[in-house]
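Residue numbers (this note's numbering): 1 to 162.
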């Protein structure tokens with residue numbers, strides 16, 4: 001799962017970079033092949049929910065015979081502070097049949113205090129054993145650091161309050 005979560009970190013950073021100016025993220029599906037090549041597709045549809053559904057179906061079916069994949073879309077989560085904008089990531093490690101869902105809460109750029117990104121929230125895990133969240137967190141942020149522009153925004157706009 002470490003490679004899958006690293007891929008997720010890279011595309012989470014891409015998503016953060018995309019929403020930092022107030023835009024809604026176009027749903028993305030990204031995958032890594034056995035050779036290590038990364039590919040990404042956007043699902044620009046009239047209704048964002050349609051694009052999310054199409055990306056989710058591709059994640060479920062794995063028609064690309066990927067080793068790892070992630071779907072990223074704009075959404076919301078409920079935190080103790082209330083409903084919060086978030087990038088939702090569905091991560092798959094097809095080799096080891098593992099799945100994880102996490103959210104990257106953020107404060108929308110239209111907010112009076114401006115854009116901010118918060119710590120990732122691990123929401124769901126599917127696997128035979130419990131994950132090592134410390135190792136997965138390190139792998140995730142190694143992926144974030146690979147995305148130069150997204151990492152810059154993340155570091156400049158990080159708010160650890162949530």
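Backbone N, C-alpha and C define an ideal beta-carbon position, used for all residues, glycine too.
Just so you know, these numbers come straight off a predicted model, no measurement behind them.
{"query": "7 angstroms CB neighbourhood of residue 12 in its chain, flanking five on each side removed", "result": "72, 87, 89, 104 and 144"}
{"query": "Contact the stretch 21-35 vs the stretch 59-74: 3+ CB pairs below 8 angstroms", "result": "yes"}
{"query": "Proximity to residue 33 [Cα-Cα], best of 129, 45, 47 and 7", "result": "7"}
{"query": "Proximity test, residue 11 beta-carbon vs the ligand GDP heavy atom, cut-off 7 angstroms", "result": "Ligands are entirely absent from the displayed structure, and the ligand GDP is therefore not among its contents."}
{"query": "Reduced DSSP secondary structure (H/G/I, E/B, other) of residue 48", "result": "helix"}
{"query": "Cα-Cα separation, residue 138 to residue 49", "result": "31 angstroms"}
{"query": "Inter-residue Cα distance where the pair is residue 30 and residue 130", "result": "25 angstroms"}
{"query": "Pairwise C-alpha distance: residue 93 and residue 132", "result": "15 angstroms"}
{"query": "Residue 64 versus 39, 102 and 81, residue with shortest Cα-Cα distance", "result": "39"}
{"query": "Through-space distance from residue 128 to residue 1, alpha-carbon basis", "result": "12 angstroms"}
{"query": "Among 151, 51, 100 and 123, the one whose alpha carbon lies nearest that of residue 3", "result": "100"}
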